[in-house]
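Here my numbering is used: position 40 in the sequence shown is 40, and no number is missing along the way.
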Amino acid sequence: MILSPVYEKSRNQAMLQGHIEERYSVVENLLKLRFGIDEALSQLIEPLVQMPREESLQLLMQCSREELLAQFEQT
1 MILSPVYEKS RNQAMLQGHI EERYSVVENL LKLRFGIDEA LSQLIEPLVQ
51 MPREESLQLL MQCSREELLA QFEQT
């Protein structure tokens, strides 16, 4: 079956958006489970989602709340 280029582009964009939303959900839930989420931590979600998956998950699993906040104050 041959799909039109417009359909393929739309499909790929939808898949990418789904992956981004899933990563956002994972990061948000890890923050909630580990620390409870407040305004300061909620500001870290987007930068963590933009990082490579392995790097963001390592930070979320190994850093304390204070270490996470300090890590992103420096950048």
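In this text, a Cβ means the ideal position worked out from N, Cα and C, and glycines have one as well.
Boundaries (first-last residue) of the alpha helix (DSSP H) holding residue i
i, result
"residue 20", "5-35"
Pick from the options that is closest to residue i, judged by C-alpha positions
i, options, result
"residue 61", "15, 11, 6, 34", "34"
"residue 39", "11, 69, 63", "69"
"residue 45", "18, 12, 13, 24", "24"
Where residue i sits in the DSSP three-state scheme
i, result
"residue 62", "helix"
"residue 57", "helix"
"residue 2", "coil"
"residue 71", "helix"
"residue 52", "coil"
"residue 41", "helix"
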